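Numbering (numbering that gives the first Met the number 0), first residue to last: 0 to 259.
Contents: one structure, followed by commentary.
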Amino acid sequence: MFALSACTSEPPPTGHLTPAGAGPAGYGLFHDVSTLAAVAGVAVEGKPCKFTMDATADGKSLKESGQGEFDGVKTEISLKVLLDDQQIELLMIDTGMYMKLPPGSPKSGPIAWLRIPTDGSGSADAKAFSDSEIQLTNQEDPVKLLARIGKAGSISHAERTTLDGRPVGHYTISLAFARMLDDYPVSADAKRSVIAADVHFVLDLWLDSGEHPVRATLDATSWEKIGGSSTPAKMTVDYTDWDTPVSVQTPPADQVGDFH
């Protein structure tokens, strides 16, 4: 679906099912999910990349494209979001979140961007918007994704294959949602429902020969068991251009206004 351009000359890591160098892909496969998460986490932390995301939930279509650097602390992202027929452009950097005003919006002087506090200091609307966008980007953040896999996953299938003509390791991982509750704003009743229902999501992950994620797909339709979405909740994220420099900069101060 998307052309993947990630490649590397790094040596293969250890901790694989099969010996490094075996098979057409030239590297082995992980058996232990914590080893996979740890090795791939080191490979991606602080490394810039580009990404696209395509998701459906509650009958809505969501598409994103962007670039950024993810290190779990100083995350910098430039992002375009298309929700059904509405497009939003966002920047997420250490000074906060910025939303570009869409074409045709009323402007006050040279204002082209709105700053949205991410520390809860803004209005209720600003907090709700920033919380929802942060939660969404957390799903795409490869550092957080790998941490989630290491915490709540188990590998049910692993194979060497190709993706868009490139050798990859493909892993099917079962994610126990009860082990991820700290990552989601759910009520005490919802936590009890999750634990009782034993909800598992299916995540498929493709890693290149340098153990960088190049694709991740998540099937969360089992969320229906505890009263979640009644329609398929699925997401595909593609990562490309690993370790290629990206530029994410704060908009000029005279072009920024406050989100109310």
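Glycine included, C-beta positions come from ideal geometry on N, C-alpha and C.
Being a predicted model, the structure only gives us computed values, none of them experimental.
Label T74 either buried or exposed according to how many other C-beta atoms from any shown protein chain fall within 10 Å of its C-beta, with 16 as the threshold for buried. buried
Can you give me the C-alpha to C-alpha distance between G27 and D182, rounded to a whole angstrom? 31 Å
Here's the rule I'm using: 16 or more other beta-carbon atoms within 10 Å means buried, otherwise exposed. How should L217 be labelled? Counting C-beta atoms within 10 angstroms of its own C-beta, L217 has 16 or more neighbours from the protein chains shown and is therefore classed as buried.
Please check the pair G95 and V247, which I expect to be a contact at CB under 8 Å, by giving their CB distance rounded to whole angstroms. Not really, about 13 Å apart at Cβ, beyond 8 Å.
Out of curiosity, what's the CA-to-CA distance linking G119 and L100? 21 Å
Less than 7 Å between the C-beta atoms of D203 and T171, yes or no? yes
Determine the closest residue to H259 out of S155, D93, A125, with distance taken between C-alpha atoms. A125
Does DSSP classify S131 as helix, strand or coil? helix
DSSP has M96 in a bridge; who is on the other side? M91, I115
Among residues of its own chain, excluding the 5 on either side of P141, which ones have a beta-carbon nearer than 7 Å to its beta-carbon? V43, F69, P212, Y238
Ordered along the chain, which non-local residues of its own chain (more than five positions away) have a Cβ less than 6 Å from that of L61? A54, L82
Taking only the alpha-carbon atoms, compute the straight-line gap between A187 and L180 and give it to the nearest angstrom. 10 Å
For the alpha helix (DSSP H) that V245 lies in, which residues bound it at each end? From DSSP, V245 is part of no alpha helix (DSSP H); its letter is neither H nor E.
Unbroken stretches of the beta strand (DSSP E), 3 residues or longer, contained in the segment 17-82: 46-56, 59-69, 75-82
Which listed residue (F176, T220, P116, A56) has its alpha carbon closest to that of G149: Just measuring C-alpha positions, the residue of F176, T220, P116, A56 sitting nearest G149 is F176.
Of the residues E210, T220, T235, R214, the one placed nearest G40, counting alpha carbons only: E210
Helix, strand or coil for I194? Go by DSSP, reduced to three states. Assigned with DSSP and collapsed to three states, I194 falls in helix.
Work out the CA separation of G152 and G45 for me, nearest whole Å. 23 Å
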